[in-house]
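One structure is given below, encoded as structure tokens.
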Amino acid sequence: MPGLEPGLAQRVSLVMNDRLGYWDAWVRLAVDRDSPCVFTRDLPPTIELPSRHGEGKLVFEQGPLRQVLEDRRLIPVRYADETGAATERWPDNPDGSPGGIAGLCDPSGRVFGLMPHPEAYLYPENHPRWIAQREAGTLPEHGLGLHLLAGGVRAIASR
121 MPGLEPGLAQ
131 RVSLVMNDRL
141 GYWDAWVRLA
151 VDRDSPCVFT
161 RDLPPTIELP
171 SRHGEGKLVF
181 EQGPLRQVLE
191 DRRLIPVRYA
201 DETGAATERW
211 PDNPDGSPGG
221 IAGLCDPSGR
231 VFGLMPHPEA
241 YLYPENHPRW
251 IAQREAGTLP
261 EHGLGLHLLA
271 GGVRAIASR
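For the sequence shown, position 131 matches number 251 in the working numbering, and the numbering has no gaps at all.
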């Protein structure tokens with residue numbers, strides 16, 4: 121994990137989902153507002169993004185690495201259930217990652233990897249319930265995926 125220790129030894133990997141096969145669905149993510157991740161800094165507590173993968177389960181080497189990431193708040197997003205709580209339950213967590221982990225960042229907050237696809241939610245009309253959101257007055261001006269990606273741009277522009 122960049123920034124945690126010198127060297128480039130692989131200590132985390134992505135493997136096949138617990139349920140075999142490709143899964144394409146929208147998922148809910150709980151956002152850790154205290155993470156240093158610049159991409160998620162201004163997001164609401166939960167967001168929805170499309171998830172499209174067959175190999176996205178995060179696995180850790182034996183040892184304390186996962187706890188170190190937890191302690192340093194380097195897990196900015198987790199798959200969440202309908203209450204917004206992190207979950208390992210399918211289909212809310214489509215790959216079975218432990219603790220519902222859907223993304224990791226480095227200590228600077230500028231390196232961010234995640235499994236759901238923010239680039240597929242650039243426009244409000246990309247959301248499967250956009251008409252219902254429009255009728256309820258909750259349709260965002262831009263897709264929340266664009267907002268997430270813009271967080272990185274805002275961080276660069278403010279430097």
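Heads up, the beta-carbon is just placed ideally off N, CA and C, and yes, glycines get one too.
With 16 or more neighbouring CB atoms inside 10 Å of its own CB, Gly271 falls in the buried class. For the pair of segments examined, the segment 177-184 was found not to touch the segment 241-254: the number of CB pairs separated by less than 8 Å stays below three. Only residues of its own chain outside the window of five on either side were considered, and among them Gly263 have a CB closer than 6 Å to the CB of Asn246, listed in chain order. Ala205 carries a coil assignment under DSSP once its states are collapsed to helix, strand and coil.
The C-beta separation of Leu149 from Ala205 comes to about 12 Å, leaving the pair out of contact by the 8 Å criterion. Rounded to whole angstroms, the gap between the alpha carbons of Gly216 and Leu163 is 24 Å.
In this chain, His173 is not harboured by any alpha helix (DSSP H); it is covered by the beta strand (DSSP E) spanning Thr166 to His173.
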